[in-house]
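820 is the number of the first residue of the sequence shown in our numbering; add one for each residue after it. Backbone N, C-alpha and C define an ideal beta-carbon position, used for all residues, glycine too. To start, the structure itself, in structure tokens.
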Amino acid sequence: MSLHHSPRIVTDRLSVYLDAANRKSYSGSGTLWRNLAQNTANATLTGGPTFNSRNSGIITF
Numbered sequence: 820m821s822l823h824h825s826p827r828i829v830t831d832r833l834s835v836y837l838d839a840a841n842r843k844s845y846s847g848s849g850t851l852w853r854n855l856a857q858n859t860a861n862a863t864l865t866g867g868p869t870f871n872s873r874n875s876g877i878i879t880f
């Protein structure tokens with residue numbers, strides 16, 4: 820049995836919270852990268868970065 824624990828992200832006054840490993844932030848395809856910080860703008864991936872699912876999800880620029 821394994822256990823995976825992520826640190827709690829402090830979101831108070833946080834402006835940008837992009838997480839390639841979180842499907843709520845990045846779906847795994849496309850150019851929209853949702854900002855998980857409240858009331859802030861999303862990001863648009865340009866220039867051909869690639870998504871890889873290793874390590875739960877990474878984007879290579």
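Mind checking residue i: buried by the 16 CB within 10 Å criterion, or exposed?
i	result
Ala839	buried
In three-state DSSP terms, what is residue i?
i	result
Asn871	strand
Ala862	strand
Leu855	coil
If distances are taken between C-alpha atoms only, which option among the options comes closest to residue i?
i	options	result
Gly849	Thr859, Thr879 and Leu864	Leu864
Ser834	Ala860, Phe880, Gly866 and Lys843	Ala860
Gly876	Pro826, Arg827 and Asn841	Asn841
Ala856	Pro826, Gly867 and Arg832	Arg832
Asn858	Pro826, Arg827 and Tyr836	Tyr836
In the DSSP assignment, find the beta strand (DSSP E) that holds residue i and state where it starts and stops.
i	result
Thr879	Ile877 to Thr879
Closer than 7 Å: is that where the CB of residue i sits relative to any heavy atom of the ligand GDP?
i	result
Ala840	Of the ligands one can find in the structure shown there are none, so the ligand GDP has no counterpart to examine.
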